[in-house]
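Engineer: First to last, the protein sequences are chains A and B.
For the first sequence, the positions run 1 to 113 when my numbering is used.
For the second sequence, the positions run 114 to 227 when my numbering is used.
What follows is a single structure, and I will ask about it in a moment.
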Amino acid sequence: AQSVAQPEDQVNVAEGNPLTVKCTYSVSGNPYLFWYVQYPNRGLQFLLKYITGDNLVKGSYGFEAEFNKSQTSFHLKKPSALVSDSALYFCAVQGYNFNKFYFGSGTKLNVKP
Amino acid sequence: DVKVTQSSRYLVKRTGEKVFLECVQDMDHENMFWYRQDPGLGLRLIYFSYDVKMKEKGDIPEGYSVSREKKERFSLILESASTNQTSMYLCASSPPGTGGSGYTFGSGTRLTVV
């Protein structure tokens with residue numbers, strides 16, 4: 001069975017500090033992993049994805065994510081947080097049925113000035 | 114710019130009403146999806162469709178049905194709205210076939226059933 005876990009409901013970080021939003025997954029076969037961001041009252045926007053290759057993936061708005069196969073994790077990171085990064089972040093896995101995504105429960109990121 | 118458009122941003126309906134949520138995409142995508150989003154539960158798949166007139170149940174189809182008469186349009190129907198269907202509803206589309214193609218989401222419809 002495919003599943004995604006985001007262990008933190010909320011992450012608080014000061015502006016300028018590095019941030020990490022955690023994600024672990026369970027999937028049959030090789031995973032396709034995604035991060036999406038949602039701003040208030042909006043749909044989800046694509047940030048980045050891991051398909052194959054380099055374990056460090058770079059995406060939009062300065063975000064990056066590190067794929068770790070042994071730990072089945074795909075944590076989202078940014079070296080220096082901005083107040084405008086405050087939003088809801090979702091990790092997702094696209095499993096054996098390529099057309100179906102499984103989403104985590106979401107992590108609310110609060111970046112304080 | 115490619116788009117998935119949901120016809121309503123906010124809806125308020127009464128218990129027992131039949132409710133239609135419309136979604137249109139202009140990317141010629143074969144796959145379309147309906148999710149509902151609730152705090153702490155993430156996104157849960159209601160129904161999806163791989164082609165015109167084709168539909169498959171997702172994880173929480175009870176109380177819902179769908180219609181896909183044209184490739185670009187995927188409608189979610191609440192046959193008899195109930196208060197526990199108050200939620201944010203998100204439509205998404207994706208191209209067919211190989212993995213790694215992400216979803217494109219609409220802006221969502223926040224439905225309140227009173």
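Quick reminder that beta carbons are idealized off the backbone N, C-alpha and C, glycines included.
Please list the segments of the beta strand (DSSP E) lying wholly inside the segment 133–190 of chain B, counting only runs of 3 or more residues, in order along the chain.
Structural biologist: List check, beta strand (DSSP E) in window: 136–138, 144–151, 155–162, 177–183.
Engineer: Taking the straight line between their C-alpha atoms, what separation do you get for Val179 (chain B) and Lys168 (chain B)?
Structural biologist: Taking the first residue of the second sequence as position 1, residue 179 (chain B) is located at position 66. Taking the first residue of the second sequence as position 1, residue 168 (chain B) is located at position 55. Val179 (chain B) and Lys168 (chain B): Cα-Cα distance of roughly 7 Å.
Engineer: Using the three-state DSSP reduction, which class does Asn197 (chain B) fall into: helix, strand or coil?
Structural biologist: Position 84 of the second sequence, counting from 1, holds the residue named residue 197 (chain B). Correct three-state label for Asn197 (chain B): helix.
Engineer: Measuring CA to CA, which of A:Arg42, A:Val27, A:Pro31, A:Ala5 is closest to Val21 (chain A)?
Structural biologist: The residue labelled residue 21 (chain A) in the question sits at position 21 within the first sequence. Considering only alpha carbons, the answer is A:Ala5.
Engineer: Buried or exposed for Gly85 (chain A), please, with buried defined as at least 16 other CB atoms from any protein chain shown within 10 angstroms of its CB.
Structural biologist: As a position in the first sequence, residue 85 (chain A) is number 85, starting the count at 1. Reading off the sequence, residue 85 (chain A) comes out as Asp, not Gly. The residue in question, Asp85 (chain A), is buried, as its Cβ has 16 or more Cβ neighbours within 10 Å.
Engineer: For Arg122 (chain B), count neighbouring C-beta atoms within 10 Å of its own C-beta (all shown protein chains included) and say buried if the count is 16 or more, exposed if not.
Structural biologist: In the second sequence, counting from the first residue as 1, residue 122 (chain B) sits at position 9. Exposed.
Engineer: What did DSSP end up calling Tyr61 (chain A) once you bin it into helix, strand or coil?
Structural biologist: Numbered from its first residue, the first sequence carries residue 61 (chain A) at position 61. The answer is helix: DSSP assigns Tyr61 (chain A) an H, G or I state.
Engineer: Using a beta-carbon distance cut-off of less than 7 Å, what residues from the segment 45–69 of chain A approach chain B?
Structural biologist: Flagged, chain order: Phe46, Lys49, Ile51.
Engineer: Rounded to whole angstroms, what is the Cα-Cα separation between Glu8 (chain A) and Pro152 (chain B)?
Structural biologist: Working through the first sequence from its first residue, we reach residue 8 (chain A) at position 8. Working through the second sequence from its first residue, we reach residue 152 (chain B) at position 39. Roughly 13 Å separates the two Cα atoms.
Engineer: Below 8 Å on the Cβ atoms is my contact criterion, and I expect Val93 (chain A) with Gln10 (chain A) to pass it. Report the Cβ-Cβ distance as a whole number of Å.
Structural biologist: Position 93 of the first sequence, counted from the first residue, corresponds to residue 93 (chain A). Position 10 of the first sequence, counted from the first residue, corresponds to residue 10 (chain A). Wrong, their Cβ atoms sit about 22 Å apart, outside the cutoff.
Engineer: Just how far apart, CA to CA, sit Val226 (chain B) and Leu124 (chain B)?
Structural biologist: Against the second sequence, residue 226 (chain B) aligns to sequence position 113. Against the second sequence, residue 124 (chain B) aligns to sequence position 11. For Val226 (chain B) and Leu124 (chain B), the distance between alpha carbons rounds to 8 Å.
Engineer: Nearest by alpha-carbon distance to Lys78 (chain A): which of A:Phe63, A:Lys100, A:Val57 is it?
Structural biologist: In the first sequence, the residue the question calls residue 78 (chain A) occupies position 78. Closest option to Lys78 (chain A), Cα to Cα, is A:Phe63.
Engineer: Check the C-beta distance from Glu185 (chain B) over to Val137 (chain B) and give it rounded, since I have them as a contact under 8 Å.
Structural biologist: The residue you call residue 185 (chain B) lines up with position 72 of the second sequence. The residue you call residue 137 (chain B) lines up with position 24 of the second sequence. With a Cβ gap of about 5 Å, Glu185 (chain B) and Val137 (chain B) count as contacting.
Engineer: May I have the straight-line CA-CA distance separating Phe218 (chain B) from Cys204 (chain B), to the nearest angstrom?
Structural biologist: The count along the second sequence starts at 1 and reaches residue 218 (chain B) at position 105. The count along the second sequence starts at 1 and reaches residue 204 (chain B) at position 91. Rounded to whole angstroms, Phe218 (chain B) to Cys204 (chain B) spans 6 Å at the Cα level.
Engineer: Residues bridged to Asn41 (chain A) by DSSP?
Structural biologist: The residue given as residue 41 (chain A) occupies position 41 in the first sequence. Paired residues: none, contrary to the question.
Engineer: What is the residue span of the beta strand (DSSP E) that Gln10 (chain A) lies within?
Structural biologist: In the first sequence, counting from the first residue as 1, residue 10 (chain A) sits at position 10. Looking at the DSSP string, the run of the beta strand (DSSP E) that includes Gln10 (chain A) is 10–14.
Engineer: Less than 8 Å between the beta carbons of Gly176 (chain B) and Lys49 (chain A), yes or no?
Structural biologist: Working through the second sequence from its first residue, we reach residue 176 (chain B) at position 63. Working through the first sequence from its first residue, we reach residue 49 (chain A) at position 49. No, these two residues do not count as a Cβ contact at 8 Å.
Engineer: Which chain A residues are close to Gly129 (chain B), counting only those with a beta carbon under 8 Å from its beta carbon?
Structural biologist: For the purposes of this step, residue 129 (chain B) is taken as residue 16 along the second sequence, with counting starting at 1. Simply none; closest approach about 27 Å.
Engineer: Under the three-state reduction of DSSP, which class applies to Val27 (chain A): helix, strand or coil?
Structural biologist: For the purposes of this step, residue 27 (chain A) is taken as the residue at position 27 of the first sequence. Val27 (chain A): coil per DSSP, three-state reduction.
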